[in-house]
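Encoded as structure tokens, the structure appears first; notes follow it.
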Amino acid sequence: MKIDRAEVVVTSPDRNFVTLRLTTDDGLVGLGDATLNGRELAVVAYLQEHVVPLLLGSDAHRIEDTWQFLYRSAYWRRGPVTMAAIAAVDVALWDLKAKAAGLPLYQLLGGASRDKILAYGHASGRDLPELFDSIRKHQALGYQAIRVQTAIPGLKAIYGVAAQTQTSGKRYDYEPAQRAARPAEEDWDTRAYLRHLPTVFEGVRAEFGPELPLLHDGHHRMTPIQAAKLGKSLEPFDLFWLEDCTPAENQDALRLVRSHTTTPLAIGEVFNTVWDYQTLIKDQLIDYVRSAVTHTGGISPMKKILDYAAQYQIKSGIHGPTDISPVGMAAALHLDLAIHNFGIQEYMQHGDATNSVFEQSFSFSDGYLHPGNKPGLGVDLNVDEAGKYPYQTAYLPFNRLADGTVHDW
Ligand SMILES: [Mg+2]
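All residue numbers for the sequence shown refer to the numbering used here, where the first residue is 114 and numbers rise by one.
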């Protein structure tokens, strides 16, 4: 099974996606997601200029060897651009191997460890009534675990609140990367956030009771002691997890947070390798691994990270916002089904245009996902549909504090 063709497909149905499409000499097609939100074309160039020429003619069955070759032969290791490019190759090769075997990919990862995959969705609101309405809408869709994000009085627009007004005047929808020539500027005030957020969770628990699993994303905006304070103040509301409470570069920050709170901690969507988790897992500073298959070098290294985490009773919570393409989502679902230490899967639903480009066989019902049983990943790329949506420049927003200082978004 030799790689005969390698194409990088860029399409922008509801947002930008980058897909690696490998074709073998016997006509099998394998797909890998290489989407890096807001920096898509850097990965396109990395793949086209430096990876595709190395793949042509190589043995598509040699997944681990190809991964090690791309990782080690570059010499310059890690980083989101490199690891998204390698991930696309790794996932496409797994797709091909499973198709060649005539099996859904999870069967090659050890087979199913469970029947279905618990998903969580993103509810949000500018105030409590709007938030309650959003939670009820998610429950009506079947979601049994819900992430709660809220606007903060005095701030114009913040991450994760779908209905608030953007600085651009447009709806702040689920995909915050706006199609524009420059990133949108938003504002931030940590003290206001720390005051307001516990009152919101108090309201949600009063309205929806103690059983509904609730999650929250701090989006890396707090100092360690601020995050510790928040974790402690949220303890009465029994969160499933507090995500990304501190800047991700500083692993020791979570040691301080951990020493002050029993609120479970999740982190990792901006991580690229197992080394980003080395201290966090070994010292048991987190409860959930939040990496995306797409940004962590693919299925092969994600399996290794999660197997390492399993030795410390740390579970998966694979990243799954809309900038993970249906290809990246399918890769996550096959892994979710196979590993023993599955925790939960983030799942935001793509729009109709995206679903017309990526024909999918995974299912969502009663709050649970399943990757389906088609051979491979179970996703097909409709190249003609993809061609209808050319790339559009889009950037994630950034924050400034009241005095003008740039702050983590
Ligand atoms: Mg997050």
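Glycine is no exception: its CB is placed at the ideal position from the N, C-alpha and C atoms.
A check of alpha carbon separations from Ser413 across Asp465, Arg239, Glu177, Leu347 identifies Glu177 as the nearest. For ligand 1, a non-hydrogen atom lies closer than 7 Å to the CB of Asp330.
Within the region 132-165, the runs of alpha helix (DSSP H) at least 4 residues long that lie entirely inside it are, in chain order, 153-158. In this structure, Glu382 has its beta carbon less than 7 Å from a heavy atom of ligand 1. Considering only Phe245, Asp138, Leu482, the residue with the shortest C-alpha distance to Glu315 is Phe245. DSSP, read as helix, strand or coil, puts Val274 in coil. Annotated as proximal: Arg403 and Gly430, with beta-carbon spacing under 8 Å. Membership of Arg190 in any beta strand (DSSP E) is not indicated, and neither H nor E is assigned to it by DSSP. For Glu243, there is no enclosing beta strand (DSSP E); the enclosing alpha helix (DSSP H) has its first and last residue at 241-254. Cβ atoms of Asp330 and Arg260 come within 8 Å of each other, at about 6 Å.
With a 10 Å radius around the Cβ and a threshold of 16 neighbouring Cβ atoms, Ser476 comes out exposed. Counting C-beta pairs closer than 8 Å gives three or more between the region 191-206 and the region 140-155, which meets the contact rule. Under the 8 Å Cβ criterion, the region 322-340 counts as touching the region 354-363, having at least three qualifying pairs. Judged by DSSP in its simplified three-state form, Thr435 adopts coil rather than helix or strand.
At the C-beta level, Ala205 and Gly143 come within 8 Å of one another. Checking the DSSP bridge columns, you'll see Val123 partnered with Val131. Linking Pro434 to Gly500 through their CA atoms gives a straight-line distance of about 23 Å.
When C-alpha distances from Asp240 are compared across Thr136, Val492, Leu268, the shortest belongs to Leu268. In its chain, beyond the 5 residues on either side, Ser346, Leu347 have a beta carbon closer than 7 Å to the beta carbon of Pro311.
Judged by DSSP secondary structure, Ala366 falls within the alpha helix (DSSP H) whose first and last residues are 366-371. Counting the other Cβ atoms within 10 Å of the Cβ of Tyr390 gives 16 or more, which makes it buried.
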